[in-house]
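Asks:
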Amino acid sequence: MQKLIVNGGKRLRGELKLQGSKNSSLPIMAAAILCGEECRLDNCPELTDIYSAARILNGLGCKCRFSDNTAVIDSADINVTEIPEKLMREMRSSIIFMGAILGRTGECTVSMPGGCELGSRPIDMHISAMRRMGVDIRENHGKIICRAVSGKAHGAKISLQFPSVGAPETIILCAVTADGETVINNAAREPEICDLCGFLRACGAEISGDGESRIVIKGKNRLHGCEYRIMPDRIAGATYLAMTAATGGEIILTDACVAETEPFISVLEQTGCSIITYDDRIYLRSGSRLRAVRDRIRTMPHPGFPTDAQAVIMAALVTADGTSVFEENIFDCRYRHTDALVKMGADIQVLRKIAVVKGVPELHGANIEATDLRGGAAMAAAALAAEGVSEISGIFHIDRGYEKIENAVRLLGGDMRRV
Ligand code: EPZ
1 MQKLIVNGGK
11 RLRGELKLQG
21 SKNSSLPIMA
31 AAILCGEECR
41 LDNCPELTDI
51 YSAARILNGL
61 GCKCRFSDNT
71 AVIDSADINV
81 TEIPEKLMRE
91 MRSSIIFMGA
101 ILGRTGECTV
111 SMPGGCELGS
121 RPIDMHISAM
131 RRMGVDIREN
141 HGKIICRAVS
151 GKAHGAKISL
161 QFPSVGAPET
171 IILCAVTADG
181 ETVINNAARE
191 PEICDLCGFL
201 RACGAEISGD
211 GESRIVIKGK
221 NRLHGCEYRI
231 MPDRIAGATY
241 LAMTAATGGE
251 IILTDACVAE
261 TEPFISVLEQ
271 TGCSIITYDD
281 RIYLRSGSRL
291 RAVRDRIRTM
301 PHPGFPTDAQ
311 AVIMAALVTA
321 DGTSVFEENI
331 FDCRYRHTDA
341 LVKMGADIQV
351 LRKIAVVKGV
361 PELHGANIEA
371 TDLRGGAAMA
381 AAALAAEGVS
391 EISGIFHIDR
401 GYEKIENAVR
411 LLGGDMRRV
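For the sequence shown, this note's numbering gives the first residue as 1, with consecutive numbering after it.
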């Protein structure tokens, strides 16, 4: 199994072009199923999750190929409506394909998705929404067998118990070709949902309200192919900003999405970093030692502080001057990275959804194992800031969401190599 070897203590300095968004690319790749024609997706990141999505598409009869961060998907010949369990288990986003396959064919067989182990990650909101849209869903030996009773899903009014990101994506993917109008109340306002809707509108869908909590979709008989540019990855952006802050360096992020990164930037500014944003660029210069964040860092649905940035900002704050307090409100087990940070010398106390991080003067290198995607990125950030050498195993987690992370870090002057 591959590892990352990090020789820490070097300030990151330089310019980095930000990758396309994983959490936008995945639902958009599923949405390509609905077009029945060829779609070109520019700025598509080269990640293992993206390749998992391609395997799902090819298994359904679509043709999916990549060249230079462009994915070309031809969904003319869909001849399979079942996703094998093995492919479902590779990532959380596999469940998003259920809505798209139903929207295209009226039937679909899936199973429980995989993805980062962040506590229980049920799909009850996805399932109950599909039932509201006239889809009969039965479970049989782990398989989830779906069939639109009248051959096609119909519109419905759906109020979500929680502003989920994935559940509205499932609903939208099924609703764009359903009979009638669908209204989603209490939808998440994440930018990635807006990007999915932007792609679907480019394919001829009629959607309004995305980016707010009430989204209205008017079903269409047919959609068509298009060319679309995926938005930048705001969480990868937050990660490289956190790495730079942790090492006392300075960075210019280009091809960034400034407004969407604002919830993270406003917390980072409280650590004493000076940040200037203009157009699609974010410039950050870190002080000699970060200040702890005085206010509690509460993860919330967008436009609150993103849960996906919790681990990486924590990695920057473990050597800050003072104590920072985190409150993880989205997932019930998202502090799995803290053991590795403590092994490197951090002082972190976790009690249920609260983590208290007392700044220590410095971290030391250690042999650690990534537990999940963003936890692994946090370990890489801490290793870059630590004195000495760290060895990070389990980096398949990191490769799911970061495009060649060691190349990006080396471009910024960091000493990170893959063995
Ligand atoms: C998406 O996951 C993202 N993944 C996650 O990013 C992100 O952390 C999360 O949204 C929250 O922002 C992708 O977009 C591929 P949710 P998703 O539905 O859709 C509960 C990363 O690191 N819930 O908003 O799975 C759920 O358990 C990943 O890139 C139900 O109870 O998240 C969680 O506690 C990690 N029933 C909360 O809602 C459901 O049917 C939020 O989940 C669905 C969700």
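Note that CB positions come from ideal geometry on N, CA and C, so glycine has one too. Note that the structure is a prediction, hence the values are computed from the model and not measured.
Roughly how many angstroms lie between the CA atoms of V6 and V318, to the nearest whole one?
Replies: The residue given as residue 6 occupies position 6 in the sequence shown. The residue given as residue 318 occupies position 318 in the sequence shown. Looking at the two C-alpha atoms, the distance is approximately 18 Å.
Asks: Please report the Cβ distance between R40 and V72, rounded to the nearest whole angstrom; I am assuming they are in contact, meaning their Cβ atoms lie under 8 Å.
Replies: Counting from one through the sequence shown, the residue named residue 40 turns up at place 40. Counting from one through the sequence shown, the residue named residue 72 turns up at place 72. At roughly 5 Å, the Cβ-Cβ gap stays under 8 Å, so R40 and V72 are in contact.
Asks: Near L60, which residues of its chain fall below 6 Å by C-beta distance, leaving aside the five closest residues on each side in sequence?
Replies: Indexing the sequence shown from 1 puts residue 60 at position 60. These residues qualify, in order along the chain: I78 and V80.
Asks: Run the proximity test for S420: is its beta-carbon closer than 7 Å to any non-hydrogen atom belonging to ligand 1?
Replies: The chain is shown from 1 up to 419; residue 420 falls before or after that span and cannot be answered.
Asks: Short check: CB of G99 to CB of L173, under 8 Å?
Replies: For the purposes of this step, residue 99 is taken as the residue at position 99 of the sequence shown. For the purposes of this step, residue 173 is taken as the residue at position 173 of the sequence shown. Taking 8 Å as the Cβ cut-off, G99 and L173 qualify as a contacting pair.
Asks: Among Y402, V357 and N43, which has the Cα closest to the Cα of S67?
Replies: Position 67 of the sequence shown, counted from the start, is the residue given in the question as residue 67. Closest by alpha carbon: N43.
Asks: Classify A311 as buried or exposed, calling it buried when 16 or more other Cβ atoms lie within 10 Å of its own Cβ.
Replies: One-based indexing of the sequence shown puts residue 311 at position 311. With 16 or more Cβ atoms within 10 Å of its Cβ, A311 is classed as buried.
Asks: Please check the pair A370 and I348, which I expect to be a contact at CB under 8 Å, by giving their CB distance rounded to whole angstroms.
Replies: For the purposes of this step, residue 370 is identified with residue 370 of the sequence shown, where counting begins at 1. For the purposes of this step, residue 348 is identified with residue 348 of the sequence shown, where counting begins at 1. The Cβ separation is near 17 Å, so there is no contact.
Asks: Could you compute how far the alpha carbon of M91 sits from the alpha carbon of C116?
Replies: On the sequence shown, position 91 is the one that residue 91 refers to. On the sequence shown, position 116 is the one that residue 116 refers to. Distance from the CA of M91 to the CA of C116, rounded to the nearest whole angstrom, comes to 8 Å.
Asks: Going by Cα to Cα distance, which pick from V350, V216, R189 and E190 is closest to R201?
Replies: The residue you call residue 201 lines up with position 201 of the sequence shown. Ranking V350, V216, R189 and E190 by Cα distance to R201 puts V216 first.
Asks: Is S164 near ligand 1, in the sense that its beta carbon is under 7 Å from a heavy atom of that ligand?
Replies: Taking the first residue of the sequence shown as 1, we reach residue 164 at position 164. The answer is yes for S164.
Asks: Compare the Cα-Cα distances from I405 to each of P263, T239, P361 and V350 and report the closest residue.
Replies: Position 405 of the sequence shown holds residue 405. Of the listed residues, the one whose Cα sits closest to I405 is T239.
Asks: To the nearest angstrom, how far is it from the Cα of A32 to the Cα of R222?
Replies: Here residue 32 is taken as the residue at index 32 of the sequence shown, counted from 1. Here residue 222 is taken as the residue at index 222 of the sequence shown, counted from 1. So the alpha carbons of these two residues sit roughly 12 Å apart.
Asks: Please report the distance separating the alpha-carbon of G345 from that of F305.
Replies: Along the sequence shown, one-based indexing puts residue 345 at 345. Along the sequence shown, one-based indexing puts residue 305 at 305. If you take the alpha carbons of G345 and F305, they lie about 26 Å apart.
Asks: State the Cα-Cα distance for the pair A30 and R55, rounded to the nearest angstrom.
Replies: The residue labelled residue 30 in the question sits at position 30 within the sequence shown. The residue labelled residue 55 in the question sits at position 55 within the sequence shown. Spanning the two alpha carbons is a distance of roughly 11 Å.
Asks: Compare the beta carbon distance of G414 and H397 with 8 Å and say whether it is the shorter of the two.
Replies: Taking the sequence shown and counting its residues from 1, one reaches residue 414 at position 414. Taking the sequence shown and counting its residues from 1, one reaches residue 397 at position 397. Not a contact, by the Cβ cut-off of 8 Å.
Asks: Cα separation between V293 and L241?
Replies: Mapped onto the sequence shown, residue 293 falls at position 293. Mapped onto the sequence shown, residue 241 falls at position 241. Their Cα atoms are separated by approximately 16 Å.
Asks: Report the CB separation of I354 from E387 in whole angstroms; it is logged as a contact under 8 Å.
Replies: One-based indexing of the sequence shown puts residue 354 at position 354. One-based indexing of the sequence shown puts residue 387 at position 387. Not confirmed; about 29 Å, so no contact.
Asks: Within its chain, find whatever has a CB closer than 6 Å to the CB of R285; leave out the 5 residues flanking it on each side and keep chain order.
Replies: To locate residue 285, count along the sequence shown from 1; it is residue 285. So the list reads E250 and S274, once near-sequence residues are dropped.
Asks: Name the two residues that bound the continuous alpha helix (DSSP H) containing A507.
Replies: Nothing can be reported for residue 507, as the shown portion of the chain is limited to 1 through 419.
Asks: For Q19, count the other beta carbons within 10 Å of its own beta carbon; 16 or more makes it buried, fewer makes it exposed. Which is it?
Replies: Here residue 19 refers to the residue found at position 19 of the sequence shown. With 16 or more Cβ atoms within 10 Å of its Cβ, Q19 is classed as buried.
Asks: With a threshold of 8 Å, are at least 3 pairs of Cβ atoms found where one atom belongs to the stretch 145-156 and the other to the stretch 125-134?
Replies: Contact holds: three or more Cβ-Cβ distances are below 8 Å.
Asks: Are the beta-carbon atoms of K10 and T247 separated by less than 8 Å?
Replies: Counted from its first residue, the sequence shown places residue 10 at position 10. Counted from its first residue, the sequence shown places residue 247 at position 247. Contact flag set, yes.
Asks: In chain order, what residues of the same chain lie with their CB nearer than 6 Å to the CB of D195, ignoring the 5 residues before and after it?
Replies: Mapped onto the sequence shown, residue 195 falls at position 195. Result list for D195: S24 and M231, in chain order.
Asks: Which complete alpha helix (DSSP H) runs does the stretch 74-136 hold, if anything under 4 residues is left out?
Replies: When DSSP assignments are scanned along the stretch 74-136, the uninterrupted stretches of alpha helix (DSSP H) that are 4 or more residues long and fall wholly within it turn out to be 85-88, 96-105 and 124-132.
Asks: Let's see if you can read the secondary structure: which residues bound the alpha helix (DSSP H) around K343?
Replies: For the purposes of this step, residue 343 is taken as residue 343 along the sequence shown, with counting starting at 1. Looking at the DSSP string, the run of the alpha helix (DSSP H) that includes K343 is T338 to K343.
Asks: At which residue ranges does the stretch 151-220 contain complete alpha helix (DSSP H) runs of 4 or more residues, listed in the order of the chain?
Replies: 166-175 and 191-202
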